[in-house]
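S.K.:
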Amino acid sequence: MELKLTDYRTEVHVNWCPGCGDYGILSSIQQALFELKLDPSNVAIFSGIGCSAKTPHYINAYGVHTLHGRALPYAIGAKLANPELTVLVILGDGDGLGIGAGHFVNAGRRNVDLTVILYDNGVYGLTKGQASPTLKLGLKTKSLPKPNINQAINPILLAFASGYTFIARGYAYDVPYLKYLIKEAINHKGSALVHVLQPCPVYNDINTKEWYTPRLYKLEQEGYECIITNETTEEEYLRKISLMIQKANEWGNRIPLGIFYRDLRYTTYEERIEARIPSYRLNPPAKQKISDPFGKPITYIDKILEEFLI
Amino acid sequence: MELKLTDYRTEVHVNWCPGCGDYGILSSIQQALFELKLDPSNVAIFSGIGCSAKTPHYINAYGVHTLHGRALPYAIGAKLANPELTVLVILGDGDGLGIGAGHFVNAGRRNVDLTVILYDNGVYGLTKGQASPTLKLGLKTKSLPKPNINQAINPILLAFASGYTFIARGYAYDVPYLKYLIKEAINHKGSALVHVLQPCPVYNDINTKEWYTPRLYKLEQEGYECIITNETTEEEYLRKISLMIQKANEWGNRIPLGIFYRDLRYTTYEERIEARIPSYRLNPPAKQKISDPFGKPITYIDKILEEFLI
Amino acid sequence: MNNRGISWLIGGAQGTGIERGASIFFTAIAMAGYYVFGKREYHSNIMGEHSYYYVRFDSKPVYSHIEKYNILASYDAETIFRHSLEGLPGSAIIYDTGYLNVKTKDVPTLDKRVREDIHGRFNNNFVSISDIIEEAKSYGIKSFPINYKEILNKVALKTGEKLSELTRMNNVIAVSASLAILKFDLAILKKAIDRVFKGRKVVVKLNSLVAEETYEMVNSLGYINEFNIKISPIENKSKRLLINGNQAIALGKLVGGCRFQTYYPITPATDESAYLEEHEILDVENYDPVKSEREILKGAGSIVVVETEDEIAAITMALGASLAGARASTSTSGPGFSLMVEGLGFAGMNEIPVVITHYQRGGPSTGMPTRTEQGDLRFVLHASHGEFPRIVIASGDISECFYDAIRCFNYAEKYQLPVIHLVDRFLAHSVETIEPFDIKSVRIDRGIIFDENDLKKLKEGGEKYKRFIFNSTGISPRIFLGTKNAVFWITGDEHDELGHITEDPVIRDKMMEKRMKKIEIAEREIPLEEKVNHFFPSYNSDLTIVSWGSTKGVILDLIDELSKEGYKIEFLQIRLMSPFPSNYVEKVLFNKKWICVENNYSGQLAGLIREKTGLKPNNLIVKYNGRPISLDEIYIAVKSILEGKSSYKVVLRGGA
Amino acid sequence: MNNRGISWLIGGAQGTGIERGASIFFTAIAMAGYYVFGKREYHSNIMGEHSYYYVRFDSKPVYSHIEKYNILASYDAETIFRHSLEGLPGSAIIYDTGYLNVKTKDVPTLDKRVREDIHGRFNNNFVSISDIIEEAKSYGIKSFPINYKEILNKVALKTGEKLSELTRMNNVIAVSASLAILKFDLAILKKAIDRVFKGRKVVVKLNSLVAEETYEMVNSLGYINEFNIKISPIENKSKRLLINGNQAIALGKLVGGCRFQTYYPITPATDESAYLEEHEILDVENYDPVKSEREILKGAGSIVVVETEDEIAAITMALGASLAGARASTSTSGPGFSLMVEGLGFAGMNEIPVVITHYQRGGPSTGMPTRTEQGDLRFVLHASHGEFPRIVIASGDISECFYDAIRCFNYAEKYQLPVIHLVDRFLAHSVETIEPFDIKSVRIDRGIIFDENDLKKLKEGGEKYKRFIFNSTGISPRIFLGTKNAVFWITGDEHDELGHITEDPVIRDKMMEKRMKKIEIAEREIPLEEKVNHFFPSYNSDLTIVSWGSTKGVILDLIDELSKEGYKIEFLQIRLMSPFPSNYVEKVLFNKKWICVENNYSGQLAGLIREKTGLKPNNLIVKYNGRPISLDEIYIAVKSILEGKSSYKVVLRGGA
Ligand SMILES: Cc1ncc(C[n+]2csc(CCOP(=O)(O)OP(=O)(O)O)c2C)c(N)n1
Ligand SMILES: Cc1ncc(C[n+]2csc(CCOP(=O)(O)OP(=O)(O)O)c2C)c(N)n1
Ligand code: SF4
Ligand code: SF4
Ligand SMILES: [Mg+2]
Ligand SMILES: [Mg+2]
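Protein chains in written order, with my numbering: chain A, 1 to 310; chain B, 311 to 620; chain C, 621 to 1276; chain D, 1277 to 1932.
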């Protein structure tokens, strides 16, 4: 039976505020899944806590709404136990880069095959607009009593330093383009980050739709491309990376969207496990039989026990 | 009374393994404090948990040996409560970039005036040699049963992405140079990172003294300098940063030591607090009187109470 | 006024001014000299989900709510769908005629369960507001339809404002209509509006105009005569505070000398930190002992409030600040506390004073972030591995919140240990008229601290400062990081007197005993009145109610009612949970008929009492649906216990 | 052999082969047919600090240690300084003559407290090893000086190895000398060497040579006649396992079907994960029902072991794997568990099976990482905010470690909740000769799981799969992420049957009750023998000892001795800490004279029993210096209780 776009929706009432950027991200994800013809039963979507984190409830796929900051380790556990799953991880900017920064960084090191979608609204939405780690120093959104006292994290740079092998940026209100980026990210083998600029009309009156619209442009329109392979020379690498960093730093009259970085040199974590455990993909942890029909354990440890028998 | 170098030592038996790089780092810190003529009573040294984290017990200064991964927030709390303190933070590579990565990243955003010294031995020393986040993918130290399954974090890049305004790299066995770097870091106003290559002869048989010696060179010998000020043009900035990233990536036949990055554009967190609270430095939290000689509170809230009186 | 005062409820979608509306209402009522109790119920959502605010007031103090209203003030459909049947006989529903045709299916935020309940009542899946109003009438509830749009139109005409801009004042219409049918003085209402909007002229003017027009409309519809309650101002000699728990704690911290607060945003704790941040610059008194005069130094003090990257950083950063010498604290709720556990143990091990204000909310896990519960008692008592002393104090009302906040710092510094101030969502967000704080009675005790002169003397005497010296008092003098003439070391490992790591079994035993003995010292020194509130002690009470925390109010109101019926009820409110006042509790409860009342599932205090005294309650009244206990439901429960008709465990299930 | 078997102790600096030496020793002894018990004591340090290994053996089972040695095998000075006086009358000190002139001041790792103790004994600050040996002699301890260098020189000559390379075999000299004076069969010793070095030829050869030379030296010095104990091989019919707790748990996990283990390194839990990682590729049996045959599929199974970035990731990653369908677990110790608290609550809220193996160690905070304690019982029982069901099982010995490890997964999946397997440092690192595991008796029960066919049927029947369906059994069928024909949602918020967020008070109550009732179901279904071990039940015992966890061994040894003296001692070992077997415990203890024995400060089990039954022990025996309880000290303590000479709380302080 052909799947329809509506098959990716649920009946749950979406309770984001009117005009919230999250609606656009939700649509983009649903459309991406639909266009990739992914069976909802083979997709697992993980999120932390925040407005953004409610997303899984609105998508007809396995939805695991976890703890604040912890979506990544949950997702990695599930993916490694069953590497056949398509895994999406939804992070809020506070969720993913504040309380969850340690997991964000250390997930990069693993290159597990999954897609991270980072909702960047510059604030902690669900707790009423405190500054998030992506809000620039000195900005005062309407929800803040005083200007922001911290410098901002640049998620693109942080992802690069952490080892993500696919890094892109989309915009919540540009659904077709965001959908395209999410599809590319899902198709990428390894850890992919899609950083989404997401207006929060309720608390962030600075990075609004009106503010973004005139500034945004698409990297590929400038002929930008940054793909690193094993064939890339040292020199080429440095040139590409310099440009990438330059683009990642661009935040003013012009703000780039698009795919900043693709690194095809690294194996995935799953491949690395397979190199150690040949049967891993054939018989991954989640699929293994562990007992016979009578409930007797089938793990054979007699060989191991010899080490201890005396 | 003139302070002697020995005044920075304690009677505690140093129980690192023979040949451990930590001895060199310890000497470098003691010498740096000595040469800066810092009063031990005005220096507070924070550490997490690990072999590295035992350092404070060996230095005659306030020594706060905290929890695994948490040295940074402890240190920040102390520094903000008493901004007159000279604060050093000792991190192990597991401690600072594994369990403590979230604090490492988010400390960068604040630019509190303190010096972080990261002991990088590629392993979790005190728990017997598991791979730390800085061990390169595929390496198998003698303590590992299988080659390392994770990519490595590059501390220089991560610090840059996180906002540290001073980033340097030293080597545990080159004490005079490391001492120099630590002094520069302490003198820097803002969050400074000194990344130290630290051989662990017991568990890491790859990154040994023998391995490092022929590879190390000093950035300044090549005329390298990367200072960013408010005067730095966009173009200059990009050129400098590109070179910095190139140097940060260099890890092979040649490995650079030295000061990678100095950014003088940012105020410190303390200055930002002062901008909000004019009396902050005159009367910081740790120094405020809160009661009169009879124990009566002296905080005057009558004005505030008017809001509630009815 | 009936014997439970007047209950008023305003409902609407989150983000449409429910709280503002309620503030205007209870401020006006309080200004008229009444005692007010107000509580808030809302979803974990920013805009759109149903939220309501409940107010009860009376000419005598009110400490609790009932599940019923005298007036339901609505300005959306959902409020009516949800609350219509909660009216007392003769009560009023105020609503906007614009919603009459709205059907359940038009309100997507109505939970399925509630929707089905309504459909079930009507045996019909298309129930409209007019149906509901009719139904309410059949229960004797009066309806007061008002055309909200017409009022706003008038205001628009008079002011030239756009109608669309004015709709956000629908809340004020509902409030004003409520006061109008109560024959409440319009002038006081206007004063309340002025106060709530902090004198912001344009807004005040607009809202006042809406109030006036509403009064006129209500008048013209003749509603005033249809509702038989009238609220006239009463005279008060002295002023009261109208304040909630978050604010009382924040003020307590300021007075108590807290100078460093860390937090990671979390409901319902954040408001306290936000309040502190707003008041980060402090005025302080300077006492001149010669002239014996006090001078106010403007802005000479401050509290540094830091938003951290997570709760682990929040507690550890507070510990850093405490080591440096600041009175330091952090505020959080369940999930945040769960992350502070390791830091808590470090504070215990290293005898570092720190205060954690813990706002309990509906658990487990993320639970019900905006709902209340007393589910964390056992957790905070035993949080963190290993054994170390801690003090846990649970406040029962908003006044206690203030004084306890101060006390916590005294305990923390005197006994050099972590102190947990246990409150809950209900206290945090409930508002009450209370007696002004008696700040003169407050004392600050920072415990034993050596300064650089003490250290100089020590040094001159050839002695080393030892942070964890074994001495006769059991408590070693502290010094702050940066104090001249000494240094110290600390470590989470077991340590010797100097603070260096040791694994020596003999020193270990001594150090462990030194730490644990502090809890015995505290238990001995803390006066009884800080440990318990014992109301109506008696040897022949019909029943002794034992409880803790925010249930205090409803129990006091209950006892008031039951005593009028001739029952003799004793009430033991336990405040100090650790060290537990075992002896006193045992003495009071031995051979008594007693029950335990708790806002949790398993009766955690009951378990604690049994652990400490061996005694078991005759009955256990619990509630765990995320809502506070109401006076009407506890009345029924206790009545049936008194009459011997109750089973051991009684679960209360009231609340919307 | 005396009635407490033979006690042997080897000491030296960390990193110089203490464990290796001990392994050779107890392997040899076990090969000779004896029952062996071995325990390790070491500092949280990689090289240099003092470490020792204690072995007791006998021809009957041995479950504990005594504080005394028959033979002290040393190859450094510090061991002698620290342990010399722990000798039983007639015992032996074996030492290297090279150390005779070493003085206390030459040993920087000697704690100040120990050093001062020695100096005090001699009233002199310059005490040498020869002084200590003389002192020991005065207590009737025999000394067996050996020139270690001479032995190594001979080996160097024979093999051409460099002497400096051979010094790391000093441990083997100490071991061999011990066995030599015991007149132990050299051939068995050599077999043990071969086994311990896993047949690595060169190493085995060198070490065997050292053993031979040592035997010869001991012979030539005539020491054999000076020591009056002889250990001859005894015949065994059946084989035994020589294994420690870490390993037994790892094996239990493999057999129990654990297929995903996460960990963040921490002492003393890491060894288990390292062991699992070494055995990540598994052989599995395939049962052919037609031929009724079993075939071994080599490498067809596996366990994925992931080193995470912290313990928060460890628990949450395990939860992710469990949701996907793997039996998943994580292992940790105090500080790690403190960080897992929030994840634990999530598992409880979402009914996710997961096993946390918790190795208690000396607390609080970082505490004494390499020392033992039972200080975390209350913590694991109440960890995390809010209320949710959990199962906590405490193993008492190495066999129980194995079977309980399996059981934990059955509980976790059957009742869909987190299970905490509570063990400790002592069990983890103690080695024992135990009966081979009876794997045939083990059963795996994964609880109710729907597969894609079940879901297809459901779908065809027009029904939706609801992860948290309210049903008559109280336990909703699980499905795994990725199962075709359905999806589910989960959230840490309170949720409806589908797993979507709800704040409805009615559903909340039902969901809360559904979760909490599971603990009642478990309490009903789990058989008594999994809840407690009741040894020597009796109506007229002189004393009932109640305890939990690793104290089991020493209590059994104690009862053995006391029963020989005619005392009738009953022993209730509590295994299931949650749900607590209150009824049984109350029945057993009611009106009895009973005491509680625990390796912690406050007697946490005693408190728990009182909470659950109201009963209080007559005495409490505790120990909290980081060392396990020895047979000799508990014997004295219980004896004085039996004789009515004891105070309520008895603190044991033995151990070095
Ligand atoms: C451990 C913990 N701390 C704090 C919270 C409270 N909390 C809920 S949502 C949120 C912030 C969400 O901000 P962000 O991640 O930026 O998501 P957004 O709401 O902006 O989409 C916080 C701090 C929590 N649920 N858990
Ligand atoms: C919360 C917590 N988890 C685990 C540990 C155990 N632990 C002690 S030291 C250590 C690793 C130290 O490695 P690193 O930071 O690299 O320092 P090094 O020993 O290499 O200097 C760990 C994991 C701990 N103390 N606390
Ligand atoms: S608060 Fe902001 S992020 Fe959250 S739902 Fe509303 S608009 Fe969206
Ligand atoms: S284990 Fe490594 S890092 Fe630790 S003390 Fe020994 S050599 Fe140094
Ligand atoms: Mg956000
Ligand atoms: Mg390290």
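C-beta atoms are modelled at their ideal positions from N, C-alpha and C, and glycine is treated no differently.
Ligand 5 and Val89(A): does the residue's C-beta get closer than 7 Å to at least one heavy atom of that ligand?
M.R.: no
S.K.: Quick test of your reading: Leu118(A) and Val196(A), contact by CB under 8 Å. State the CB separation rounded to the nearest angstrom.
M.R.: 6 Å
S.K.: Between the alpha carbons of Ser1578(D) and Thr10(A), how many angstroms are there, rounded?
M.R.: Whole-angstrom Cα-Cα distance: 37 Å.
S.K.: Between His1041(C) and chain D, is the shortest Cβ-Cβ distance under 8 Å, so that the two count as touching?
M.R.: no
S.K.: Relative to ligand 7, is the shortest distance from any of its heavy atoms to the C-beta of Ser362(B) smaller than 7 Å?
M.R.: Questions concerning ligand 7 fall outside what the structure shown contains, since the ligands it does hold are ligand 1, ligand 2, ligand 3, ligand 4, ligand 5 and ligand 6.
S.K.: Quick check: is the beta carbon of Tyr434(B) nearer than 8 Å to any beta carbon in chain D?
M.R.: yes
S.K.: How should Met311(B) be labelled, buried or exposed, when 16 other C-beta atoms within 10 angstroms of its C-beta is the threshold for buried?
M.R.: exposed
S.K.: If we define contact as Cβ-Cβ less than 8 Å, is Ile851(C) a contact residue for chain A?
M.R.: Ile851(C) does not count as touching chain A.
S.K.: Report the three-state DSSP secondary structure of Pro1038(C) (helix, strand or coil).
M.R.: strand
S.K.: Considering only the alpha carbon of each residue, which of Asn1859(D), Glu1426(D), Lys1474(D) and Lys1477(D) lies closest to Met1493(D)?
M.R.: Glu1426(D)
S.K.: Could you tell me whether any Cβ in chain B is nearer than 8 Å to the Cβ of Asn1522(D)?
M.R.: no
S.K.: Using a beta-carbon distance below 8 Å, is Gly138(A) in contact with chain C?
M.R.: No, its Cβ sits nowhere closer than 8 Å to a Cβ of chain C.
S.K.: How about Gly631(C) and Ser694(C): are their beta carbons less than 8 Å apart?
M.R.: yes
S.K.: Note down, in chain order, all residues in the segment 158 to 182 of chain A with a beta-carbon under 8 Å from any beta-carbon belonging to chain B.
M.R.: Leu158, Phe160, Ala161, Ser162 and Gly163
S.K.: Taking only the alpha-carbon atoms, compute the straight-line gap between Asn1501(D) and Glu1583(D) and give it to the nearest angstrom.
M.R.: 54 Å
S.K.: Check whether the Cβ atoms of Asn665(C) and Asn15(A) lie closer than 8 Å to each other.
M.R.: yes
S.K.: Kindly provide the ranges of any beta strand (DSSP E) runs that are 3 or more residues long and lie completely inside the segment 1755 to 1815 of chain D, ordered along the chain.
M.R.: 1765 to 1767 and 1808 to 1811
S.K.: Could you give the distance in angstroms between the alpha-carbon of Ala152(A) and the alpha-carbon of Leu97(A)?
M.R.: C-alpha separation (whole angstroms): 10 Å.
S.K.: At 8 Å on the CB atoms, spell out the chain A contacts of Lys456(B), in chain order.
M.R.: Arg276
S.K.: Does the pairing of the segment 1579 to 1599 of chain D with the segment 395 to 415 of chain B give three or more beta-carbon distances under 8 Å?
M.R.: yes
S.K.: Can you grab the Cα-Cα spacing for the pair Arg276(A) / Gly295(A), in whole Å?
M.R.: So the alpha carbons of these two residues sit roughly 29 Å apart.
S.K.: What does the alpha-carbon distance come out to for the pair Lys1213(C) and Asn1153(C)?
M.R.: 18 Å
S.K.: Three or more C-beta pairs closer than 8 Å, one from the segment 889 to 904 of chain C and one from the segment 131 to 147 of chain A: is that the case here?
M.R.: yes
S.K.: Just how far apart, CA to CA, sit Leu720(C) and Val775(C)?
M.R.: 23 Å
S.K.: For Ile1064(C), which residues from the same chain have a beta carbon less than 8 Å from its beta carbon, with the 5 sequence-adjacent residues on both sides left out?
M.R.: Taken in chain order, the residues that qualify are Gly876, Gly877, Ile1026, Phe1029 and Asn1030.
S.K.: Check the Cβ-Cβ distances between Asp930(C) and every residue of chain A, and say whether any is below 8 Å.
M.R.: yes
S.K.: Do Arg735(C) and Thr724(C) have their CB atoms nearer than 8 Å?
M.R.: yes
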